[in-house]
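Chemist:
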């Protein structure tokens with residue numbers, strides 16, 4: 104029994120010792136792992152091969168279409184409206200000198216007749232005075248002695264008769280003028296913005312009957328930032344007599360109308376001459392001729408329409424167009440040379456926009472500019488080029504750019 108008990112105690116101990124010995128042998132005699140040296144690859148970057156371009160810099164702005172001429176239609180005489188033009192409603196068209204509203208004229212016709220009667224009376228009195236003056240001169244020659252007085256020659260009476268005739272003629276002219284004012288005619292060709300009167304209404308002088316605007320020219324008031332003035336030739340401080348159409352900037356207008364993009368061409372004709380203190384901007388006035396003409400499928404330029412405007416600016420040669428990601432805050436770019444090493448280059452920026460940056464100095468044709476892929480660039484660092492990017496750039500044409508935004 105004692106031997107069996109000893110075996111039960113010693114056997115587990117022996118197994119444990121054998122396991123420890125086996126593990127020790129594996130640790131001591133395991134084959135050495137080969138040492139691997141990790142080789143880091145140069146970073147992969149996207150590049151742009153730049154070529155000089157000819158670029159026209161347009162100034163982008165916006166505004167609301169307004170008529171150049173807008174007036175209130177008001178009567179100069181009182182009376183009842185007896186005629187209203189069928190187009191005298193909001194949106195209606197009318198021609199120049201077309202009768203829009205007529206006021207009851209009978210009272211003014213009577214006034215004309217009365218004035219004509221007064222003229223006839225004044226003419227009769229003048230003829231009578233002239234006859235008496237002739238008679239007085241003849242009598243003085245026969246009976247009088249010395250120099251006759253003006254009163255004896257009836258000169259004051261004759262002058263009074265002439266003056267009364269002139270006054271009567273003036274009354275007739277005034278009566279006819281008032282009679283003519285019973286007809287309210289359009290001073291220009293245009294449209295009705297608002298109607299404020301109706302048939303049978305009694306109106307007083309100065310009362311608003313309608314709001315009219317001309318359709319010959321539309322105007323748009325356009326705000327322009329001060330730093331954009333360098334790219335366009337605005338008529339600043341120049342009188343209109345010194346301006347010609349060739350010297351005034353042209354512009355293109357666009358707007359969404361009837362489910363499509365409509366365009367119009369116009370011209371800057373003047374500036375307001377003062378800078379807005381609230382926003383530091385200068386306002387230019389653009390004009391579009393015949394905004395409602397529908398020749399060649401032209402869409403009417405409606406009053407009140409909000410439009411985007413591109414004022415055509417100066418054209419620049421040898422401009423390099425870069426994406427914003429290519430230039431850092433110090434106005435520097437990273438170039439990749441033939442050995443695919445990085446070099447830093449300072450550039451001169453002509454204009455910085457949302458989608459692009461225009462560079463006029465510091466680059467030459469064929470330079471490869473890093474556009475993305477660098478976290479911490481270092482002078483002389485080796486890089487790998489993104490082949491897909493290079494192919495895309497190589498296929499891009501070098502054309503004149505007319506859309507700076």
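In our numbering, the protein residues as written are 104 to 508. Ideal Cβ positions, reconstructed from N, Cα and C, are used throughout, including at glycine.
What span of residues does the alpha helix (DSSP H) with residue 211 cover, start to end?
Modeler: Residue numbering aside, residue 211 sits at position 108 when the chain shown is read from its first letter. Where residue 211 is concerned, the enclosing alpha helix (DSSP H) stretches over 209–246.
Chemist: Taking the CB atoms as reference points, tell me whether residue 279 and residue 180 lie closer together than 8 Å.
Modeler: Taking the chain shown and counting its residues from 1, the one referred to as residue 279 is at position 176. Taking the chain shown and counting its residues from 1, the one referred to as residue 180 is at position 77. The answer is no: Cβ separation not under 8 Å.
Chemist: Does DSSP classify residue 297 as helix, strand or coil?
Modeler: As a first step, residue 297 must be located in the chain shown, where it is residue number 194. Three-state DSSP puts residue 297 in a strand.
Chemist: Return the residue from the list 447, 482 and 225 that minimises the CA-CA distance to residue 466.
Modeler: Taking the first residue of the chain shown as position 1, residue 466 is located at position 363. Among 447, 482 and 225, the Cα nearest to that of residue 466 belongs to 447.
Chemist: Going by the beta-carbon positions, is the gap between residue 177 and residue 302 smaller than 8 Å?
Modeler: By 1-based counting over the chain shown, the position of residue 177 is 74. By 1-based counting over the chain shown, the position of residue 302 is 199. Their beta carbons are not under 8 Å apart, which means residue 177 does not touch residue 302 by this criterion.
Chemist: Helix, strand or coil for residue 199? Go by DSSP, reduced to three states.
Modeler: Residue mapping note: residue 199 aligns to position 96 of the chain shown, counting from 1. Reduced to three states, the DSSP call for residue 199 is coil.
Chemist: Tell whether a beta-carbon distance below 8 Å holds between residue 365 and residue 374.
Modeler: Here residue 365 corresponds to residue number 262 of the chain shown, with the count starting at 1. Here residue 374 corresponds to residue number 271 of the chain shown, with the count starting at 1. The answer is no: Cβ separation not under 8 Å.
Chemist: Could you pull out every residue in the same chain whose Cβ sits closer than 6 Å to the Cβ of residue 66, ignoring the five residues on either side in sequence?
Modeler: Shown here, the chain extends from 104 to 508; a query on residue 66 therefore has no answer.
Chemist: Let me check understanding here. Comparing Cα to Cα, which of 328, 429, 352 and 326 lies closest to residue 338?
Modeler: Residue 338 sits at position 235 when you count from the first residue of the chain shown. Residue 338 has its Cα closest to that of 352, out of 328, 429, 352 and 326.
Chemist: So which of 277, 396 and 318 has the shortest CA-CA distance to residue 212?
Modeler: Taking the first residue of the chain shown as 1, we reach residue 212 at position 109. Out of 277, 396 and 318, 277 has the C-alpha closest to the C-alpha of residue 212.
Chemist: Hey, how far is the Cα of residue 244 from the Cα of residue 220?
Modeler: In the chain shown, the residue the question calls residue 244 occupies position 141. In the chain shown, the residue the question calls residue 220 occupies position 117. So the alpha carbons of these two residues sit roughly 37 Å apart.
Chemist: Please state whether the Cβ-Cβ distance between residue 148 and residue 488 is less than 8 Å.
Modeler: As a position in the chain shown, residue 148 is number 45, starting the count at 1. As a position in the chain shown, residue 488 is number 385, starting the count at 1. Going by C-beta atoms, residue 148 is nearer than 8 Å to residue 488.
Chemist: Where do the ends of the beta strand (DSSP E) carrying residue 288 lie?
Modeler: Walking along the chain shown from the start, residue 288 turns up at place 185. It spans 286–288 - the beta strand (DSSP E) in which residue 288 sits, taken as one unbroken run.
Chemist: The alpha helix (DSSP H) that contains residue 267, what's its start and end?
Modeler: Mapped onto the chain shown, residue 267 falls at position 164. 258–283 is the span of the alpha helix (DSSP H), which, as asked, contains residue 267.
Chemist: Does the region 466–486 come into contact with the region 435–447, if we say contact requires no fewer than three beta-carbon pairs (one atom in each stretch) closer than 8 Å?
Modeler: These segments touch.
Chemist: Kindly indicate which residue of 379, 359, 432 and 371 has the alpha-carbon position closest to the one of residue 350.
Modeler: What you label residue 350 is simply residue 247 of the chain shown in a count that begins at 1. For the residues 379, 359, 432 and 371, the minimum Cα distance to residue 350 belongs to 371.
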